[in-house]
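Colleague: Here the protein sequences come in this chain order: A and B. To convert, note that position 147 of the first sequence is 147 in this note's numbering; the numbers rise steadily by one, no gaps. To convert, note that position 69 of the second sequence is 1069 in this note's numbering; the numbers rise steadily by one, no gaps. Provided herewith is a single structure, encoded as structure tokens, for subsequent inquiry.
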Amino acid sequence: MIFLNNLYAIFRKELESYLLSPFFYIIAAFFWLIAGFFFWFILNNLIQNVAQIEQQGGLTAGVDLASEFLNSYFNVIISLLLVMLPALSMGLYSEERKRGTLELLSTSPITNWLVALGKLLSVVAIFTILWLPLVIYQIIAFSASQPPIEIGVVLLANAGVFLFATAVLSLGMFISSLSEHAILAYILTFIVVVIFWSLDILSNSVGAPLSDLLSYLSLFKGYTPFLSGMLKTDTVFLFLSYIIAGIFLTTQSIEALRK
Amino acid sequence: MIEVEHLQKIYGSTVAISDVHFSVAKGEILGFLGPNGAGKTTTMRILSGYIPATAGTARIVGFDVHEDSMQVRRHIGYLPENPPLYEHMSVESYLHFVANIKGIAAGDRQLAVTSALKKTGLADKAKVIIAKLSKGYRQRVGLAQAIVHSPEVIILDEPTVGLDPKQILEVRNLIKGLGGEHTVLLSSHILPEVSMTCDRVTIVNQGTVITTDKPENLMDQLLPVNIYKLLVEGDVYSIKSTLESLDGVNKVDIIPVGSRFSLEIFSSDKYDHLAKDLAKVVINSGLDLYEMNHNRPTLEEVFLKLTTQEQ
């Protein structure tokens, strides 16, 4: 019980520090603006394209506009997340290190695991807040879809984004625990995530069995099945591994600080 | 309550503390006195469980600070050198947060926070955002977080640093009030401060304990009755050992002054007959004596002498 109590305290403290910081609102404004623009832009483009083909009489069978849109839009959004997520995680530990508050956490009767978990939950909650308007856009757009889109496909795509974001934030939290400088954490996280993102491209240039491993670890390869409506347990497992690895590495790096 | 034996901490090739030992009884206030860099913060960080020692043991309330760190953390309140404050929080919500992670049950938190606010004189600042507080108030918030869970042992690293004289007085009185109920270890580099607030004082220098005693005994122990200052010309180094062997001489310092030398001789002898013996040694050795006087040093001067490295 006291465990949950402590976890909630860490979670709440972090959440407050995001919501009271102007930085969060700047990120939110940019994210909503760009994500909203692309939502309109891609949807409009698709509709016009289809209309054009239809006019020329080239359309013989029906087009699954909804699925097509989902695919293009989420691919754009993922690129946007690659830039935004490191900004959310960069201060998680670096700020505590800079301000000396890590000394308070490290000398209180709570474990490093609990602190890391509380912090991750809070930043995931922040991401969820940022993501929420996009869910509303989807509901509006897909409710007008004819033929109706399978709700499961949409849910799965969103779940994929959620898992992907949590994995990136978990890695970002670990990188944030490595230094006192938030900006350094941002740059490093961005580089690391881009590398993990494009591991399957890298894997083409090395021989087996390394290429198989790299290809499996690729965040991109793990993410794409979610867009095509397929729930593959191994990709879910991949993301969960990233999340747990991030938390584990964070606790180890904080432990190593106390030498 | 606190037992420290042969504590040692080495960072790479730097020895932060080489042999620290002391013990603090229940309800006692122990002052940890030494110049900056003496190893005070390192010792306190080891006690709080923030860093492990290289060698030696430290126990708080019977628990080893490293082996049973979680147990120890439940029993201590710790104010690091820089108060660990979350600036975006109000004083009250910050203390609620600390009370929570220190393991105070939800139902008891409000009472604990109110009491800590009252003890540290922060009651009227409860709703103020910490970022807007002055340095003195921040230090008090730091103190409040160290006592909010009413720990048996309170460790305070330089609690009065950066405060104005009025605030220093208030904080000192606050610490004095903590004694009896709590066991307090407090560090400082200011001698009068610890001699006024503490039951006993441990003097550390360069990572080792020089002495531990009650403040009043410390004065007797450390204060030589006389310091003789002689201005001499000639080979003073040849007579240093002769002077040191004289009855009542504790310490001889030689400070070059132009072509001459100032000899500072510390003596615990209560009478002034050492003066003629010193003069005789100088004259009989064929050195020229230009000036001679003696006076009683202040406590600060002795402390400085004890803790300043001789080169």
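C-beta: ideal position from N, C-alpha, C; glycine also.
Quick one: is I1017/B near chain A, going by C-beta distance under 9 Å?
Modeller: no
Colleague: Under a three-way DSSP split, which group does E68/A fall into?
Modeller: helix
Colleague: Strictly under 9 Å for the Cβ-Cβ distance: is L1007/B near chain A by that measure?
Modeller: By the rule that beta-carbons nearer than 9 Å mark a contact, L1007/B does not touch chain A.
Colleague: Based on Cα-Cα distance, which residue from I1076/B, A1058/B, P1035/B lies nearest to T1043/B?
Modeller: A1058/B
Colleague: Could you tell me whether the Cβ of E103/A comes closer than 9 Å to any Cβ of chain B?
Modeller: yes
Colleague: Note down the Cα distance separating S1150/B from D1272/B, rounded to an integer number of angstroms.
Modeller: 53 Å
Colleague: Taking three-plus beta-carbon pairs below 8 Å as touching, is the segment 1110–1119 of chain B in contact with the segment 129–142 of chain A?
Modeller: no
Colleague: Nearest by alpha-carbon distance to M1001/B: which of I1210/B, I1029/B, T1014/B, D1019/B is it?
Modeller: I1029/B
Colleague: Using the Cβ count rule (16 or more neighbours within 10 Å means buried), how would you classify I254/A?
Modeller: It is buried - the Cβ of I254/A has at least 16 other Cβ atoms within 10 Å.
Colleague: Say whether chain A places a C-beta atom closer than 9 Å to the C-beta of V1004/B.
Modeller: Cβ-Cβ to chain A under 9 Å: no for V1004/B.
Colleague: Taking the beta carbon of E1310/B as the centre, do at least 16 other beta carbons fall within 10 Å, making it buried, or is it exposed?
Modeller: With a pLDDT of only 42 at E1310/B, under the threshold of 50, the placement of this residue in the model should not be trusted, and no figure is reported.
Colleague: Have a look at D1269/B, K1125/B, I1255/B and flag the residue whose alpha-carbon is nearest the alpha-carbon of L1246/B.
Modeller: D1269/B
Colleague: Is there a Cβ from chain E that is less than 9 Å from the Cβ of K259/A?
Modeller: Checking the listed chains, one finds no chain E in this structure; the protein chains it contains are A and B.
Colleague: Between E103/A and Y1050/B, is the Cβ-Cβ spacing less than 9 Å?
Modeller: yes
Colleague: By how many angstroms is the C-alpha of L1231/B removed from the C-alpha of L1133/B?
Modeller: Straight-line Cα distance between these residues: approximately 53 Å.
Colleague: Beta-carbon within less than 6 Å of E1291/B's beta-carbon, same chain only, minus the 5 sequence neighbours each way: which residues are those?
Modeller: Cβ-Cβ distances below 6 Å link E1291/B to L1231 in the same chain, with the five nearest sequence neighbours on each side left out; the list follows chain order.
Colleague: Can you give the Cα-Cα distance for N1205/B and L1079/B, rounded to whole angstroms?
Modeller: 22 Å
Colleague: Is S108/A close to the ligand NAP? I mean its beta-carbon at under 8 Å from any heavy atom of the ligand.
Modeller: The ligand NAP is absent from the structure shown, which contains no ligand whatsoever.
Colleague: Is the Cβ of A176/A closer than 9 Å to any Cβ of chain B?
Modeller: Checking the displayed sequence, the identity of residue 176/A turns out to be Ser instead of Ala. No - not a single Cβ of chain B is within 9 Å of the one on S176/A.
Colleague: With C-beta atoms as the reference, is L70/A less than 9 Å away from I47/A?
Modeller: no
Colleague: Is it buried or exposed, E1092/B, if we count other Cβ atoms within 10 angstroms and call 16 or more buried?
Modeller: buried
Colleague: If we call anything under 9 Å between Cβ atoms a contact, is S122/A one with A182/A?
Modeller: Not closer than 9 Å, so no.
Colleague: Excluding the 5 residues preceding and the 5 following G1056/B in the sequence, name in chain order all residues of the same chain whose CB lies nearer than 7 Å to its CB.
Modeller: Once the five neighbours on either side are set aside, the close Cβ partners of G1056/B are E1005, H1006, L1007, Q1008.
Colleague: Taking the straight line between their C-alpha atoms, what separation do you get for P22/A and L217/A?
Modeller: 36 Å
Colleague: Whether or not the segment 1208–1217 of chain B and the segment 1180–1190 of chain B are in contact is what I'm after, with contact meaning three or more pairs of Cβ atoms, one per stretch, closer than 8 Å; do they touch?
Modeller: Not touching, per the Cβ criterion.
Colleague: In three-state terms, what does DSSP make of Q1309/B?
Modeller: Per-residue confidence for Q1309/B stands at a pLDDT of 48, beneath the threshold of 50, marking its modelled position as unreliable; no derived number is given.
Colleague: Per DSSP, D212/A is paired with what?
Modeller: Answer is none; D212/A lacks a bridge partner.
Colleague: Out of I1168/B, V1153/B, E1152/B, point me to the one whose CA is closest to P1159/B's CA.
Modeller: Looking at the Cα atoms, I1168/B is the closest of the given residues.
Colleague: What three-state label does DSSP hand P1080/B in the structure shown?
Modeller: coil
Colleague: Scan the segment 1183–1226 of chain B and note each continuous beta strand (DSSP E) run of 3 residues or more that stays entirely inside, going in chain order.
Modeller: 1183–1188, 1200–1205, 1208–1213
Colleague: Put T224/A into one of helix, strand or coil per three-state DSSP.
Modeller: helix
Colleague: I want to verify the contact list: residues of chain A whose CB lies under 9 Å from the CB of F1097/B, in sequence order.
Modeller: Result: A9, I10, R12, K13.
Colleague: Flag this pair as yes or no: are the beta carbons of L171/A and G118/A separated by less than 9 Å?
Modeller: With contacts defined as CB atoms closer than 9 Å, L171/A and G118/A fail to qualify as a contacting pair.
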